[in-house]
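Residue numbers (the working numbering), protein chains in the order written: chain A, 1 to 242; chain B, 243 to 447; chain C, 448 to 652; chain D, 653 to 870; chain E, 871 to 1088.
What follows is a single structure, written as structure tokens, with notes after it.
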Ligand code: HEM
Ligand SMILES: Nc1ncnc2c1ncn2[C@@H]1O[C@H](COP(=O)(O)OP(=O)(O)OP(=O)(O)O)[C@@H](O)[C@H]1O
Ligand SMILES: Nc1ncnc2c1ncn2[C@@H]1O[C@H](COP(=O)(O)OP(=O)(O)OP(=O)(O)O)[C@@H](O)[C@H]1O
Ligand SMILES: [Mg+2]
Ligand SMILES: [Mg+2]
């Protein structure tokens, strides 16, 4: 049986029903352990002091914010190509989660910025590109909200998501060109040890795993809700016509 | 040239409306669609015209020969009657003969801005478009709305003499009698069952 | 209550169209306006409804009792059928009785968004408004456009039984036969002379 | 009147627009300016009051053309005109609805967005109060402009031409209030002026608006 | 195609809009900013490039919603879709018409307006060239946004929400060109980027636009 069979709503529901609680619990475990570890069992950074600990929320949320959009892009493509309703609904479900992640990254970043850079907000390229990402999320959600016919909405938002992704990359580049910032470079690379010491590093990894799992759990939950809503809608229409 | 429709089913807003429609029209033949309000005439015509995909079934008709005309006939208030027609003509790579203005009694409205026309005059202009674009297969949705008897007659004559007689095909949805002897198709028997397949929600039931 | 029109003349776009119209309608009487497309039925009705000033003549009718209904009947696509009617009801300080939905066969469309209605269903909704606002003098411009025979009958019955029978007055412009025994007024003889006075350009001639 | 207000609000929400959009537009403009002007903090904080006011003005502007256009096209306006509802009241309600959907959320959110342009902390309160007093005038003036241009398809741009000059006094006094507030100067005069303009506008424009509508409905 | 272009231009002129309006709006925004920001010359000349670009961007934005809305409402769009004219072509032509009515006059006039914000003399040429290269992209992107929202009445605000983020790259590179030009730095990179964005946009968006239209016409 092919992987696509799970794209059938009923199959998807029955398949994810048992998975959801597992993922949720795993997410909570990772989050709690990672954050507690990070907050209470790591030494204070010699430069940044205790403020460094916000790192354990800031980075994972920032990463998830980006990956959420990526997941939406993939789901949109699947919908456009294979017309699987679930993938469209999954994209719809992921957007608000992505928005929240972006907001967390922005807010924690701003809070972090106060002690570090002495300002809540600086037009630093990465901060800015996150702001732009936030705008893209807003537009995407607004378009979903504006169109009543679900299939039309799915199609249009997919088109928007694809075009938007291209422009998001462009903007990222443009913003970097526009202003070289004070934000540190990516440390998610293989040579991570160079920027961040292992002691800070391992709890961060756990926290990131926690955020990933949390994201999956939330998207599953919301997708299931969307599917139920569609089902209700379908039943109502049929009832009206019967 | 022929229009062949087999087992056609179509939906609106994700709701299947009519199914199992079959007919075949040869050159010079017309078909009049009948049915209560809301049964799906407009939907069927839009499907035939290729504006929306059919749920099921086949529509065989020569490419680029079909034209669709509905209540909204794309008239620009800021253009004169002539300019409106000339635009559609040049889009279809044809030209506007004077005969069209006579056929639809638009001669002395030729230079009037379309926005200043009365309901029926606007309608006549919308129909005159059909005489201009030179398409052979017409899908007409209530073409005679708000036309007076005289204009209805004008239109019927145009259909008979300048379209069907020249090997054209026409599918017309209307509630009134056009006075052209064409077979009628009542859509009532083709009403889709309430649990008919193909609805966009189907996967969720 | 009475509607008295004396020597009425009206213009559209500064052009005098009809002049010398006289009639008097008492409670429970209806008048059907006839005339070719573009003769001035809509203009006349808009004048009677007070949407535009008459060129000459008098219109005597009880204040705040007249309602106007035309091709454009102010339906909001994003509101449901019920919400649309309720809005107009509350604007006129009345309320929507269930009977209205039956009278216009809208019962099972009640919760549908008006935007998803078919042409005829929309029209029925537009007419249902008249049953809601409780005005006694109706000016109707081609009320039955794109209605099927059954719905036309519905509307005629509504007019007869729930409007005229209750002492209402109606002036109706239409091209088809509504099947209500009312006097007809053909506007042809009232067509304004090409040099009729009152045109907004007159001062320049 | 209430019915009309409720309907307009409901339509605004249903049409997917609603309260969020004006806000989002405001946010975007505020974000765009630094892209154009450059990221230097001190310059931004110098121009912040002006930009914030101009942005909220544009946000109000962008949703104007629909105030009457839709009701005109689908004939609802003619029906309202023949209904017992006085057109003056309708005009007022329309302006009110527009303010509730754009001006109000904007006023509440503007201070929160101030920090994007490093607005001086002292200025936040003045930004809020000046917007709260000024935005209703923007809506009412805009409604008047919308009434003037309702007859014309694609009147949008023309309307903004008519409206923007009328916005100037409110803009000047509003921005002035914030600027003075930021520099710790006394702000009573400009604030009073903002309030005065708003009061005057609401006293007279509903009638002008209704007149314009009647003319356009002929 | 030519026919469609001519019709759109004619309509733009007839509808009392035409070439003037976008320009006038541009002018007004440029005038409003000093009111908001205050008259200090040196600040104005610092922010001039950015403001000029943001203003032209908004001017382009304001006339977008009518690109397809009217043709959709009166059914012309459906008729065009069933005509021999390929929708992609129509989309391109629409964008072109929009550029001719807003972008082009703006480009020609912007330098003249620069002095209102006492833009540095060196910058004029760069302002002109960057607008000339950038505004077509604005029109094409806007056409795409208009196609996405054509189905919705009062889509105007939503559309701007969708479109403005897409404008960011063009805006940044455009304004950067002018700023660098004003400071006498080298401007090749941003200029090339502006041109590149425009080229890419015209290569791909017509198809996305046509797709969106087809979906909305269903
Ligand atoms: C609103 C403000 C901020 C935003 C939107 C933001 C955004 C981000 C993003 C997107 C990442 C993930 C980068 C990646 O690995 O791909 C990140 C990581 C990081 N941020 Fe921030 N940041 C903000 C403020 C700050 C501040 C004030 C600091 C403190 C100096 C900071 C320090 C870091 C560090 C150390 C990392 C981890 C290194 C890395 O993975 O890039 N950020 N931030
Ligand atoms: N703005 C205008 N300028 C000049 N003439 C106009 C204008 N508007 C309408 N007319 C003309 O006024 C006449 C009357 O229009 P009206 O809509 O009243 O006709 P009608 O009797 O309702 O026709 P129909 O039966 O087609 O609805 C028409 O001939 C029309 O061409
Ligand atoms: N978006 C939608 N969602 C659900 N149902 C819809 C939608 N649009 C139309 N319908 C329904 O589809 C049916 C068919 O509509 P259609 O316009 O084809 O009818 P019609 O035969 O043309 O009627 P009329 O004679 O009144 O024009 C109607 O009952 C209408 O209520
Ligand atoms: Mg129909
Ligand atoms: Mg008429």
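Here a beta-carbon is modelled for each residue, glycine too, at the ideal position from N, C-alpha and C.
C-beta atoms of residue i and residue j nearer than 9 Å
i: residue 60 of chain A; j: residue 212 of chain A; result: yes
i: residue 675 of chain D; j: residue 757 of chain D; result: yes
i: residue 612 of chain C; j: residue 475 of chain C; result: yes
i: residue 701 of chain D; j: residue 849 of chain D; result: no
i: residue 247 of chain B; j: residue 301 of chain B; result: yes
i: residue 200 of chain A; j: residue 38 of chain A; result: yes
i: residue 462 of chain B; j: residue 872 of chain E; result: Because chain B spans 243 through 447 in this model, residue 462 of chain B falls outside it and cannot be assessed.
i: residue 846 of chain D; j: residue 785 of chain D; result: yes
i: residue 159 of chain A; j: residue 1018 of chain E; result: yes
i: residue 427 of chain B; j: residue 274 of chain B; result: yes
i: residue 1021 of chain E; j: residue 147 of chain A; result: yes
i: residue 383 of chain B; j: residue 284 of chain B; result: yes
i: residue 1000 of chain E; j: residue 928 of chain E; result: no
i: residue 883 of chain D; j: residue 822 of chain D; result: There is no way to answer for residue 883 of chain D, as the model of chain D reaches only from 653 to 870.
i: residue 560 of chain C; j: residue 525 of chain C; result: yes
i: residue 492 of chain C; j: residue 508 of chain C; result: no
i: residue 957 of chain E; j: residue 1079 of chain E; result: yes
i: residue 688 of chain D; j: residue 924 of chain E; result: yes
i: residue 281 of chain B; j: residue 429 of chain B; result: yes
beta-carbon residue i near ligand 2 non-hydrogen atom, thresh 8 Å
i: residue 764 of chain D; result: no
i: residue 318 of chain B; result: no
i: residue 462 of chain C; result: yes
i: residue 360 of chain B; result: yes
i: residue 838 of chain E; result: In the structure as shown, chain E starts at 871 and stops at 1088, and residue 838 of chain E therefore has no counterpart that could be examined.
i: residue 459 of chain C; result: yes
i: residue 363 of chain B; result: yes
Residue i CB to nearest heavy atom of ligand 4 below 8 Å
i: residue 415 of chain B; result: yes
i: residue 383 of chain B; result: yes
i: residue 284 of chain B; result: yes
Distance cut-off 8 Å: residue i Cβ against heavy atoms of ligand 3
i: residue 291 of chain B; result: no
i: residue 559 of chain C; result: yes
i: residue 595 of chain C; result: yes
i: residue 437 of chain B; result: no
i: residue 294 of chain B; result: no
Residue i Cβ short of 8 Å to ligand 5 heavy atom set
i: residue 573 of chain C; result: no
query: Taking three-plus beta-carbon pairs below 8 Å as touching, is the stretch 579 to 587 of chain C in contact with the stretch 538 to 550 of chain C?
result: yes
message: Using a Cβ distance threshold of 8 Å, determine whether the stretch 764 to 782 of chain D contacts the stretch 714 to 731 of chain D, with at least three qualifying pairs required.
response: no
task: Enumerate, from N- to C-terminal direction, the unbroken alpha helix (DSSP H) stretches of 4 or more residues contained entirely within the stretch 834 to 870 of chain D.
output: 840 to 869
message: Does the structure place the stretch 946 to 957 of chain E close enough to the stretch 312 to 322 of chain B that three or more beta carbon pairs sit under 8 Å?
response: Output reads yes: the stretch 946 to 957 of chain E touches the stretch 312 to 322 of chain B.
message: Quick test of the definition: if touching needs 3 or more C-beta pairs under 8 Å, does the stretch 221 to 233 of chain A touch the stretch 4 to 12 of chain A?
response: With the cut-off at 8 Å, the stretch 221 to 233 of chain A and the stretch 4 to 12 of chain A touch.
- request: Counting only runs of 4+ residues fully inside the stretch 94 to 179 of chain A, write out the alpha helix (DSSP H) ranges in chain order.
  value: 125 to 146 and 150 to 178
Ordered list of alpha helix (DSSP H) runs contained in the stretch 2 to 75 of chain A, each at least 4 residues: 9 to 40
task: May I have a chain-ordered list of the alpha helix (DSSP H) segments no shorter than 4 residues that lie completely inside the stretch 282 to 314 of chain B?
output: 283 to 290
message: Measuring CB atoms only, is the stretch 541 to 561 of chain C touching the stretch 615 to 629 of chain C, in the sense that at least three cross pairs come out at less than 8 Å?
response: no
message: Using 8 Å as the cut-off, can you tell me whether the stretch 119 to 134 of chain A makes contact with the stretch 62 to 69 of chain A, which would need three or more C-beta pairs spanning the two stretches below that distance?
response: yes
- request: Could you name each continuous beta strand (DSSP E) segment of 3 residues or more that falls completely within the stretch 356 to 410 of chain B, going from the start of the chain to the end?
  value: 379 to 383
message: Runs of 4 residues minimum, wholly inside the stretch 986 to 1044 of chain E: which ones carry the alpha helix (DSSP H) assignment?
response: 993 to 1018
In chain order, each alpha helix (DSSP H) run of at least 4 residues that lies wholly inside the stretch 672 to 760 of chain D: 693 to 714, 718 to 725, 728 to 733 and 739 to 750
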